[in-house]
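J.: Here's a structure for you.
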């Protein structure tokens, strides 16, 4: 086992391993099930360009940087061939007057297009079902499971399928990990286990306020389906993948660690999607998936050093934007680990210590 250990074989851990490798550090990834076995393997992989409102969020600059990095990494790792990376434009629609006003406020009058124009741009849509929308240029999509594996391959990461049982700390510094009953020396440990990071952090005696947010997606075969993608302000979307399948979803369910897809949600997703894109009603569902995204207590990712434990780091809580935010997160964490600070991102808003400040 190598001196740098990443607990979690999802996209955040893989991105961190990748950027560490660019700085000459090889890592071991410990994953209890399989690479990309959680949300990193079942997400839609839609990389929507951040809106002006997104950019005002604490994670806004992270999103802008990360989207640009996705294009850079796709060029470096032959993304179109290795993980179905594809630049696309997406359409964000309004189906009610309040939603229309919200889009106008966020994007401005010049960006607004009426229903006919949007339906012409995105043939999925039935013009009578919407009021209009905006086109979000500069977006992309990818296969998230293959993307995660590609990053690990490029990083030459050692992957161990096992459970981390303990983290050794001496004089306030990480000294090793115990995996599958065997002790290994390590000076750096990165906790990137998605919603399971809260459990993993107990190995350090640290409380991390992150919980699972369940999302369900349908993968469909739809005859004569057009290219392109659209989404609404409720977070529902339809996108055609490069393999020809149609992905539509999703939900936000607070149901703990229940990863089972349900027939009731399938009906709900189909009804919502078909109301906007009638061609969906004639399609065939070939797979239902459910994943658990890691959601922090305040909705902002948790990225940075673990207070009081030298050599321990966190990267979790990215919610529905884990694939999008993965690369900027991995780069920032690699900078922090190798230089003591991140040159690309101000990590202060993402510190675990912000939650301690809320306690009287």
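In our numbering, the protein residues as written are 2 to 361. Note that the Cβ used here is the ideal one computed from N, Cα and C, for glycine as well.
#1: Report back the beta-carbon spacing between residue 74 and residue 323 to the nearest angstrom; my notes put them in contact at under 8 Å.
#2: Can you tell me whether residue 268 is helix, strand or coil according to DSSP?
#3: Pull up the distance between the alpha-carbon of residue 339 and that of residue 24, whole angstroms please.
#4: Between which two residues does the alpha helix (DSSP H) harbouring residue 149 extend?
#5: Given residue 166, which residues of its chain have a CB within under 6 Å of its CB, disregarding the five upstream and five downstream residues?
#6: Just verifying my parser: in three-state terms, what is the DSSP assignment at residue 127?
#7: From which residue to which residue does the beta strand (DSSP E) around residue 17 run?
#8: Beta strand (DSSP E) containing residue 192: first to last residue?
#9: Counting only the same chain and skipping the five closest in sequence on each side, list residues whose C-beta sits under 8 Å from that of residue 55.
#10: Across the segment 329 to 336 and the segment 6 to 22, are there enough close Cβ pairs to call them in contact, namely three or more that are closer than 8 Å?
#11: Return the chain-ordered ranges of every beta strand (DSSP E) run that is complete within the segment 47 to 96 and spans a minimum of 3 residues.
#12: Beta-carbon separation of residue 362 and residue 47 under 8 Å?
#13: Going by other Cβ atoms of all chains shown within 10 Å of its Cβ, with 16 needed for buried, is residue 287 buried or exposed?
#14: Between which two residues does the alpha helix (DSSP H) containing residue 42 stretch?
#15: Considering Cα atoms alone, identify which of 222, 291, 189 and 162 is closest to residue 3.
#16: Under 8 Å, do residue 132 and residue 116 count as touching if we go by C-beta distance?
#17: Nearest to residue 67 by CA position, among 197, 346 and 254, is which residue?
#18: Assign residue 177 to one of three DSSP states: helix, strand, or coil.
#19: Taking 8 Å as the threshold, find out whether the segment 298 to 306 comes into contact with the segment 249 to 261 through three or more Cβ pairs.
#20: List, from N- to C-terminal side, the alpha helix (DSSP H) runs of 4 residues or more that fit wholly inside the segment 306 to 350.
#21: Please classify residue 209: does DSSP put it in a helix, a strand, or coil?
#22: Take the Cβ of residue 244 as the centre, count every other Cβ of all protein chains shown within 10 Å, and call the residue buried at 16 or more, exposed below.
#23: Does DSSP classify residue 293 as helix, strand or coil?
#24: Please work out which residues of its chain come closer than 7 Å, Cβ to Cβ, to residue 360, disregarding the five sequence neighbours upstream and downstream, and give them in chain order.
#25: Kindly indicate the opening and closing residues of the beta strand (DSSP E) around residue 36.
#26: Hey, how far is the Cα of residue 123 from the Cα of residue 140?
#27: Determine the direct distance from the alpha carbon of residue 271 to that of residue 262, and round the result to whole angstroms.
#28: With distances taken Cα to Cα, identify the nearest neighbour of residue 113 among 193, 95, 130 and 18.
#29: Please check the pair residue 127 and residue 278, which I expect to be a contact at CB under 8 Å, by giving their CB distance rounded to whole angstroms.
#30: Assuming residue 223 and residue 280 are in contact, meaning their beta carbons sit under 8 Å apart, how far apart are those beta carbons, in whole angstroms?
T.: In brief:
#1: Wrong, their Cβ atoms sit about 15 Å apart, outside the cutoff.
#2: helix
#3: 8 Å
#4: 145 to 156
#5: 179
#6: coil
#7: Element bounds for residue 17: not the beta strand (DSSP E) but the alpha helix (DSSP H), 12 to 23.
#8: 189 to 192
#9: 61 and 64
#10: yes
#11: 87 to 95
#12: Residue 362 lies beyond the stretch modelled for the chain, which goes from 2 to 361, so this question has no answer here.
#13: exposed
#14: 40 to 43
#15: 189
#16: yes
#17: 346
#18: strand
#19: no
#20: 323 to 340
#21: coil
#22: exposed
#23: strand
#24: Annotation note: pLDDT 43 at residue 360 (below 50); position unreliable, coordinate value reported separately. Within the same chain, residue 360 has no close Cβ partners at all.
#25: It is not in any beta strand (DSSP E) - residue 36 carries neither H nor E in the DSSP assignment.
#26: 15 Å
#27: 14 Å
#28: 95
#29: 7 Å
#30: 6 Å
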